[in-house]
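Note sheet for the following structure.
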Amino acid sequence: MTTTELHEGLVALVDGEPRLVAGYSPTSKRFHFPRADVCPYSGAADVESRHLSPTGTLWTWTAVTAAPPSYSGPVPYGFGVVELPEGIRVVTRITESNPDALRAGQPMVLVLDTVATEDGERSIYAFAPA
Amino acid sequence: MTAAISGVGMHPFGRFPDRSVTDLGVTAVRAALTETGDAPIDAAFCGTAYAGVAAGHKVLDAIGRTGIPIVDVEAGCASGAAALALAVDAVESARRERVLAFGIEKMPKGMIRSTFFEPWREQAGLAATPATFALRAQLLLRDTGLTKHDLAHVVVANRARGVHNPDAMYRSDTTVEEVLASRVVCEPLHLHMLCSPNEGAAAVVVERSGAVDVLAATLGSHLPGNVLSEATPLAGLVDDSIPPPTTLVAYEAYEAAGVGPGDLDLVECQDTDAARQLISIAELGLCERGDLAAWVAGSARVPVNVSGGLLSKGEPLGASALGQVVELVHQLRGAAGDRQVADARVGLAHTVGRGANASVIILRRS
């Protein structure tokens, strides 16, 4: 990533393409995100890092029209939840900020977005219409 | 032994630039203690999320220092309910005789900011409170066939009730047209569909006997996996069967109280936005989610938010739950004036918020 990540550990680059880094617990057989030291479902410390599929479907969405506290990125911005094939729903920025342009079940793909912070531009994961 | 409420007091909810959060608390606490003839209290719990260190102590300084334990309690929107639950436990265990539970808040202006979120999440735009409300609202409309007009109708109904509540911030009627004409905050929620964070205080005295019995004062949190739970995680499971915090706590309260949703004469529930009120009604077991459209259209079995709800009162976090309790107590005493629900005998108060913290309180006329 040419731009510094806003928060380390959320995204990995695989063959130049972003992937979300989840935690997987063989005990619970479930994925969680961001990766934690302990599985929130089983309580087991057997968490492994796994890359989530970069494509999924849109579950719910809106647009934020006023900058919330400590946010210096563009407004309006899309915000919602994408379902991924691993059985996980991820809360995410969405690159489409017009809610009318999106529909339930729409195919979405993981991308990297950029937000301004006091320390300069930072990259953060987002989903875009595929 | 079931604890009872022997005194209540309020400071109205609104914006009071010339009063400190301590001033608000003193008003409410003095009113509650006056109702009990200033009988001595032996412990105090102060619910607040934003009033800072020694918030409860500063209020009781104005009443008198007696050396009793004073503990501030933070449980998000349920802070006041948590204070009440601790008071009830203390009295029911016979460890204390008469305990004060109060809630105070002077919300900072603007979008609610919470130290719950790590700074990077705020910087990423992944911590905007109304946005999460909007996602839940969008799902509600999709699942139930309800529309924005129905959400606006909830606002109109609550505001009509608020006209009769002298402690509410908004005491005027509104219309569906006015609500829908207010600007979109996060689709599908318009500004007037969202309550206003504001200022206020409420206080309750708990002891072994009083006009109103506390059948349940339960608190609970959440199970992992619900991505739209009030714990506001960044991910969850593809699983729509995970019970939300409100439902978990409600059924625990119903069991403790020995009543069911059908026994309630009135309900004060979380209405931080219009969709949240409908979600609360379903999660409390008052109505199936699929029947909410009929509920809004007029088949509601039980009066909800006769106080006007947060949509009329505004929301001072620490005080909200106890504000609901004060309303229920007036109703159960038959002293609610223009707002009186006929023959009110059993009432329920519900709050839920970030934590997640959910609370359900069930009261019955003694």
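Each protein sequence line maps, in turn, to chains B and C. If you read the first sequence in this note's numbering, its first letter stands for residue 1, the second for the next number, and so on. If you read the second sequence in this note's numbering, its first letter stands for residue 1001, the second for the next number, and so on. Don't be surprised by glycine CBs; every beta carbon is placed ideally from N, CA and C. The structure presented is a predicted model; accordingly, all values stated were derived computationally and were not measured.
Closer than 9 Å at the beta carbon, the chain C residues around residue i
i, result
"residue 83/B", "1238"
Unbroken alpha helix (DSSP H) run spanning residue i, endpoints
i, result
"residue 1029/C", "1021 to 1035"
"residue 1246/C", "1245 to 1257"
"residue 1326/C", "1317 to 1333"
"residue 1061/C", "1055 to 1063"
"residue 1224/C", "Per DSSP, residue 1224/C belongs to no alpha helix (DSSP H) and is neither H nor E."
"residue 1288/C", "Taken as a continuous stretch (DSSP letters only), residue 1288/C belongs to no alpha helix (DSSP H), as it is neither H nor E."
"residue 1101/C", "It is not in any alpha helix (DSSP H) - residue 1101/C instead sits in the beta strand (DSSP E) that spans 1098 to 1106."
"residue 1178/C", "1176 to 1181"
"residue 1085/C", "1079 to 1092"
"residue 1121/C", "1119 to 1123"
Cβ-based neighbour list, residue i, same chain, cut-off 7 Å, excluding 5 preceding and 5 following
i, result
"residue 1323/C", "1010, 1013, 1200, 1202 and 1313"
"residue 10/B", "20, 21, 34 and 125"
"residue 1090/C", "1043, 1096 and 1099"
"residue 130/B", "55, 107, 108 and 109"
"residue 1252/C", "1218 and 1220"
"residue 1001/C", "1092 and 1208"
"residue 1158/C", "1271, 1305, 1308, 1309, 1311 and 1312"
"residue 1039/C", "1098"
"residue 1015/C", "1198 and 1199"
"residue 1338/C", "1164"
Where the beta strand (DSSP E) containing residue i begins and where it ends
i, result
"residue 1266/C", "1266 to 1268"
"residue 124/B", "120 to 129"
"residue 61/B", "55 to 64"
"residue 1147/C", "Run containing residue 1147/C: none; DSSP gives neither H nor E here."
"residue 48/B", "48 to 51"
"residue 1196/C", "Per DSSP, residue 1196/C belongs to no beta strand (DSSP E) and is neither H nor E."
"residue 1308/C", "It is not in any beta strand (DSSP E) - residue 1308/C carries neither H nor E in the DSSP assignment."
Proximal chain C residues relative to residue i, where beta-carbon distance stays under 7 Å
i, result
"residue 62/B", "1131, 1134, 1135, 1138, 1186 and 1187"
"residue 32/B", "1235"
"residue 7/B", "1120"
"residue 99/B", "1187"
"residue 117/B", "1123"
"residue 124/B", "1124"
Contact set for residue i: own chain, Cβ-Cβ below 6 Å, skip 5 residues either direction
i, result
"residue 1134/C", "1186 and 1189"
"residue 1330/C", "1336"
"residue 1131/C", "1186"
"residue 44/B", "25 and 27"
"residue 1348/C", "1264, 1267 and 1362"
"residue 1045/C", "1071, 1073, 1083, 1086, 1087 and 1101"
"residue 30/B", "41"
"residue 1150/C", "1296"
"residue 1121/C", "1127"
Partner residues on chain B for residue i, Cβ-Cβ distance less than 8 Å
i, result
"residue 1191/C", "Under the 8 Å cutoff, chain B gives no residues; its nearest Cβ is about 10 Å from residue 1191/C."
"residue 1315/C", "None at all; the shortest Cβ gap to chain B is about 17 Å."
"residue 1128/C", "64, 68, 71 and 79"
Contacting residues, own chain, Cβ-Cβ under 8 Å from residue i (five flanking each side not counted)
i, result
"residue 1366/C", "1004, 1209, 1210, 1211, 1212 and 1213"
"residue 1156/C", "1173, 1174, 1175, 1176 and 1179"
"residue 38/B", "44, 45 and 47"
"residue 1343/C", "1265"
Beta-carbon neighbours of residue i, restricted to chain B and to distances below 7 Å
i, result
"residue 1227/C", "81, 89 and 91"
"residue 1224/C", "40 and 41"
"residue 1142/C", "104"
Nearest-angstrom Cβ-Cβ length linking residue i and residue j, presumed shorter than 8 Å
i, j, result
"residue 1205/C", "residue 1006/C", "5 Å"
"residue 1062/C", "residue 1073/C", "Their Cβ separation, rounded to whole angstroms, is 20 Å, which puts residue 1062/C and residue 1073/C out of contact at 8 Å."
"residue 123/B", "residue 4/B", "7 Å"
"residue 86/B", "residue 52/B", "6 Å"
"residue 1084/C", "residue 1362/C", "Actually they do not touch by this definition, with Cβ atoms about 12 Å apart."
"residue 1346/C", "residue 1333/C", "Not really, about 13 Å apart at Cβ, beyond 8 Å."
"residue 69/B", "residue 1111/C", "6 Å"
"residue 1249/C", "residue 1358/C", "4 Å"
Proximity test, Cβ basis, 8 Å: residue i and chain E
i, result
"residue 18/B", "Of the chains in the structure shown, none is chain E; the protein chains are B and C."
Cross-chain neighbours of residue i in chain B, by beta carbon under 9 Å
i, result
"residue 1113/C", "68, 69 and 70"
Contacts of residue i in chain C (Cβ-Cβ under 8 Å)
i, result
"residue 77/B", "1125"
Residue i: CB within 7 Å of a non-hydrogen atom of the ligand ZN
i, result
"residue 1121/C", "The ligand ZN is not part of this structure, which contains no ligands at all."
Task: the segment 1018 to 1035 of chain C in contact with the segment 1214 to 1232 of chain C per 3-pair CB rule at 8 Å - done: no
Task: Segment contact, 8 Å Cβ cut-off, at least three pairs: the segment 1278 to 1285 of chain C with the segment 105 to 117 of chain B - done: no
Task: Stretch pair the segment 1102 to 1116 of chain C + the segment 44 to 60 of chain B: three plus CB contacts closer than 8 Å - done: no
Open item on the list: Taking 8 Å as the cut-off, does the segment 1184 to 1198 of chain C touch the segment 1141 to 1153 of chain C (at least 3 CB pairs, one atom from each stretch)?
Closed with: yes
Open item on the list: For the structure I just gave you, are there three or more beta carbon pairs, one from the segment 1245 to 1259 of chain C and one from the segment 1349 to 1358 of chain C, closer than 8 Å?
Closed with: yes
- [ ] Could you say if the segment 90 to 103 of chain B and the segment 1122 to 1137 of chain C meet the contact criterion of at least three C-beta pairs nearer than 8 Å?
- [x] yes
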